[in-house]
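The structure under discussion appears below in the form of structure tokens.
There are 2 protein chains.
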Amino acid sequence: MNRRRVGPPGAGKQAAASSSPWRTSRERRHDRAVKREAVIRAAAQAFNEKGYHNTSLDDIAARLEVTKPTVYYYVSNKEQLLFQCFVAGVEQIRAAFRQVRELRAPGRARLNAVLRHYGEAVASEFGWCMVRAEDQDLSPAMSRHIKALKSEIDQGIRRLIREGIQDGSIAPCDPKMTAFALAGALNWIAHWYRGNQSMTGAAIAAAFVTIFESGLRPRGSALKVAAGVRTRRGMRA
Amino acid sequence: MNRRRVGPPGAGKQAAASSSPWRTSRERRHDRAVKREAVIRAAAQAFNEKGYHNTSLDDIAARLEVTKPTVYYYVSNKEQLLFQCFVAGVEQIRAAFRQVRELRAPGRARLNAVLRHYGEAVASEFGWCMVRAEDQDLSPAMSRHIKALKSEIDQGIRRLIREGIQDGSIAPCDPKMTAFALAGALNWIAHWYRGNQSMTGAAIAAAFVTIFESGLRPRGSALKVAAGVRTRRGMRA
DNA sequence: CGACCTCTTTACCCGCGGGTAGGATGACTA
DNA sequence: TAGTCATCCTACCCGCGGGTAAAGAGGTCG
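Line order of the protein sequences matches chains A and B.
Heads up, the first sequence is in this note's numbering, so the first residue is 1 and it goes up one at a time.
Heads up, the second sequence is in this note's numbering, so the first residue is 238 and it goes up one at a time.
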């Protein structure tokens, strides 16, 4: 089970293996950085499909058509691998924040822009690692690091919400709870979205943003039907 | 590390161990069902704190101040344990649906009632197992079973949304995407909520429902500020 | 008392998988 | 041609943890 696949070239049953620098060309010189990145990507895909604990380093190696020690030649250990995937995902979102920062628009529009990028990132190949990576899987040091990055994003969203409330583009609300709700809905995409879906990540993110914006309660002056009913105490068990 | 703790009674450092039928009374006769349930609860708490894969059966046993084989006396294997926790959590939600079914109220109110119970369940001790249990951790048979239960809940939410749209209490929207967004936001509670928080699960659920209802965009006839701006194409990278 | 049953323990098995030692296999240099 | 370096492999270690065999430890009933 440790042996390298040597069957007829091009007969790889592994659906993924999109582009392994090893498979594609037999030349050895191929820049360390490129191969290292390929390892990260392969790990992300494997984690995404099977989960962190159900993915062995042999799996990742097989996906690249190499052996386990080769993987270890490019990355120090499994934890580091997960961490790198995480960072790759988070970096997309941080980029979105930077991009939005220099933007002349009301708070809600800026928030929506960030949320769309956020959703896209979660639906990307690194989405799983960014979202479902448990703190318990990492050493205390890395766990702290990740928590800090997550917190930074959370604070960024809250900030946009506050700014939106201030400039009147967002209805008054609790920024903390609202941020949790928005981020939660988007994060959850990583739990059900598989790449081979009909909708693209961007489309899903856009749909979600629309829902958040409008809310469930009908708008407009017309049909104020059933508006007085509201919650009606007594149905809460 | 397999030995049972025998220190001074009442000096348990384990914060949990809320009520172990073994710890509380030395009598042997204590009904099998009660102890079995205690095992399930202990497992749920352990999974909740450390994750499924980072929890060994020795951990669960230690939490109850017994040994591993005792746990196996009440449950067949670890997978079964996770499954039971999952079912316990889902059952709360199914109960909410049953309860709401026989209710004369517009769709949105019924949906909100379900969502509140849903949020409470996710914040409960079985929330983690219900929400974060990965399909890959279970045998194909159980995975199918769980998928079916989840799908049932999803369909129930979609149905309430459709009914709400029909009776005019919910604004027209895509039921599928909306259900994903709502359930996602609530599910995510299990990722950040720890019991010892200031807010109770019910309070969080209520806050979320309010956010979903109203949406971010300000309502009312007054201050239509910044309403014409909307999305503004060109900021989408 | 002795047979039997329920419950819990001690002591063990063993495979999976993270991680490593050290040896090929070239390519490039001198 | 010999030496050096980067790369990748074969072969192995070993601990953790799921799971089990079989032996107490009491309690109950005849």
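Virtual Cβ for every residue (Gly too), placed ideally from N, Cα, C.
Open item on the list: Just checking: is the beta-carbon of A:Asp174 within a distance shorter than 8 Å of some beta-carbon in chain B?
Closed with: Position 174 of the first sequence, counted from the start, is the residue given in the question as residue 174 of chain A. Interface residue, yes.
- [ ] Could you say if the segment 78 to 97 of chain A and the segment 147 to 162 of chain A meet the contact criterion of at least three C-beta pairs nearer than 8 Å?
- [x] With a cut-off of 8 Å, the segment 147 to 162 of chain A and the segment 78 to 97 of chain A count as touching, because enough Cβ pairs lie within range.
- [ ] Run down chain A in chain order and give the residues with a C-beta less than 8 Å from the C-beta of B:Met414.
- [x] On the second sequence, position 177 is the one that residue 414 of chain B refers to. Those are Ile204, Ala207, Phe208 and Ile211, listed as they occur along chain A.
- [ ] Take every Cβ of the segment 96 to 110 of chain A, pair it with every Cβ of the segment 69 to 78 of chain A, and state whether three or more of those distances are shorter than 8 Å.
- [x] Taking 8 Å as the limit for Cβ pairs, the verdict is that the segment 69 to 78 of chain A does not touch the segment 96 to 110 of chain A.
- [ ] Quick one: list the residues of chain A neighbouring B:Ser451, beta-carbon separation under 7 Å, in chain order.
- [x] In the second sequence, the residue the question calls residue 451 of chain B occupies position 214. In chain order: Ala171, Gly215 and Arg217.
Task: Identity of the residue in A:Gln197, A:Val209, A:Gly215 and A:Ala190 nearest A:Ala121 by Cα - done: Walking along the first sequence from the start, residue 121 of chain A turns up at place 121. If we check each option's Cα against that of A:Ala121, A:Ala190 comes out closest.
Task: Within 8 Å, strictly: CB atoms of B:Ala439 and B:Arg369 - done: Taking the first residue of the second sequence as position 1, residue 439 of chain B is located at position 202. Taking the first residue of the second sequence as position 1, residue 369 of chain B is located at position 132. No, these two residues do not count as a Cβ contact at 8 Å.
Task: Where A:Val209 falls, given that 16 or more other Cβ within 10 Å makes a residue buried - done: By 1-based counting over the first sequence, the position of residue 209 of chain A is 209. Per the 10 Å Cβ criterion, buried.
- [ ] Please check the pair B:Val351 and B:Leu423, which I expect to be a contact at CB under 8 Å, by giving their CB distance rounded to whole angstroms.
- [x] Taking the first residue of the second sequence as 1, we reach residue 351 of chain B at position 114. Taking the first residue of the second sequence as 1, we reach residue 423 of chain B at position 186. About 10 Å; that fails the 8 Å criterion.
Open item on the list: Mapping the DSSP letters down to three states, classify A:Phe180 as helix, strand or coil.
Closed with: On the first sequence, position 180 is the one that residue 180 of chain A refers to. Residue state, collapsed to three classes: helix.
Task: DSSP-derived helix/strand/coil call for A:Glu134 - done: In the first sequence, the residue the question calls residue 134 of chain A occupies position 134. Coil.
- [ ] Measuring only between beta-carbons, confirm whether B:Arg263 sits less than 8 Å from chain A.
- [x] Counted from its first residue, the second sequence places residue 263 of chain B at position 26. Low confidence applies to B:Arg263: its pLDDT is 48, below 50, so where it sits in the model is not reliable enough to give any reading.
Task: Simplified DSSP assignment, three categories, for A:Gly156 - done: If you number the first sequence from 1, residue 156 of chain A lands on position 156. Note: A:Gly156 maps to helix in three-state DSSP.
Task: Rounded distance between the beta-carbons of A:Arg98 and B:Ala408, thought under 8 Å - done: The count along the second sequence starts at 1 and reaches residue 408 of chain B at position 171. The count along the first sequence starts at 1 and reaches residue 98 of chain A at position 98. Wrong, their Cβ atoms sit about 34 Å apart, outside the cutoff.
- [ ] Would you mind working out which of B:Asp296, B:Ser376 and B:Ser406 sits nearest B:Leu348, comparing C-alpha positions?
- [x] By 1-based counting over the second sequence, the position of residue 348 of chain B is 111. Of the candidates B:Asp296, B:Ser376 and B:Ser406, the one whose C-alpha sits nearest the C-alpha of B:Leu348 is B:Ser406.
TODO: Identify the contact partners of B:Ile426 in chain A, using a Cβ-Cβ distance below 9 Å as the criterion.
DONE: Taking the second sequence and counting its residues from 1, the one referred to as residue 426 of chain B is at position 189. By Cβ distance, chain A contributes Phe180 and Gly184.
Task: Exposure of B:Ser376, with buried meaning 16 or more beta-carbon neighbours within 10 Å - done: To locate residue 376 of chain B, count along the second sequence from 1; it is residue 139. When all chains shown are included, B:Ser376 counts as exposed.
Task: Same chain, Cβ closer than 6 Å to A:Asp167, five either side skipped, listed in chain order - done: Start at 1 with the first residue of the first sequence, and residue 167 of chain A comes out as number 167. Here the set comprises Pro106 and Gly107.
Open item on the list: Beta-carbon within less than 6 Å of B:Pro434's beta-carbon, same chain only, minus the 5 sequence neighbours each way: which residues are those?
Closed with: Looking up residue 434 of chain B in the second sequence gives position 197. Before going further, note that residue 434 of chain B is Gln rather than Pro in the sequence given. So the list is empty, once near-sequence residues are dropped.
Task: Exposure of B:Gln373, with buried meaning 16 or more beta-carbon neighbours within 10 Å - done: Position 136 of the second sequence, counted from the first residue, corresponds to residue 373 of chain B. Label assigned to B:Gln373: exposed.
Open item on the list: Need the endpoints of the alpha helix (DSSP H) that B:Pro306 sits in, please.
Closed with: Counting from one through the second sequence, the residue named residue 306 of chain B turns up at place 69. Note, B:Pro306: alpha helix (DSSP H), Lys305 to Tyr311.
- [ ] Measure the alpha-carbon distance for A:Asp59 versus A:Gln45 and round it to whole angstroms.
- [x] Taking the first sequence and counting its residues from 1, one reaches residue 59 of chain A at position 59. Taking the first sequence and counting its residues from 1, one reaches residue 45 of chain A at position 45. Roughly 11 Å separates the two Cα atoms.
- [ ] To the nearest angstrom, report how far apart B:Asn291 and A:Lys50 are at their CA atoms.
- [x] Translated into positions along the second sequence, residue 291 of chain B becomes position 54. Translated into positions along the first sequence, residue 50 of chain A becomes position 50. Going by the C-alpha atoms only, they are around 16 Å apart.
Open item on the list: I want to see whether chain A comes within less than 8 Å of B:Pro371, judged by CB atoms only; does it?
Closed with: As a first step, residue 371 of chain B must be located in the second sequence, where it is residue number 134. It is Glu, not Pro, that sits at residue 371 of chain B in the sequence shown. With 8 Å as the cut-off, B:Glu371 counts as an interface residue toward chain A.
Open item on the list: I'd like the list of long-range same chain contacts for A:Glu27, defined as Cβ closer than 6 Å, with 5 residues on each side in sequence excluded.
Closed with: The residue you call residue 27 of chain A lines up with position 27 of the first sequence. With a pLDDT of only 49 at A:Glu27, under the threshold of 50, the placement of this residue in the model should not be trusted; the figure read from the coordinates follows. So no residue of the chain qualifies.
Open item on the list: Would A:Gly89 pass as an interface residue toward chain B - the criterion being a Cβ-Cβ separation below 8 Å?
Closed with: Sequence index remark: in the first sequence, residue 89 of chain A carries index 89 (1-based). Any Cβ of chain B closer than 8 Å to the Cβ of A:Gly89 would place that residue at the interface, and such an atom is absent.
- [ ] Taking B:Asp296 as part of the alpha helix (DSSP H), name the residues at either end of that continuous run.
- [x] Locating residue 296 of chain B in the second sequence gives position 59, where the first residue counts as 1. First-last of the alpha helix (DSSP H) with B:Asp296: Leu294 to Arg300.
TODO: Count the other CB atoms, across all protein chains shown, that sit within 10 Å of the CB of B:Asn285; report buried if there are 16 or more and exposed otherwise.
DONE: Taking the first residue of the second sequence as 1, we reach residue 285 of chain B at position 48. It is buried - the Cβ of B:Asn285 has at least 16 other Cβ atoms within 10 Å.
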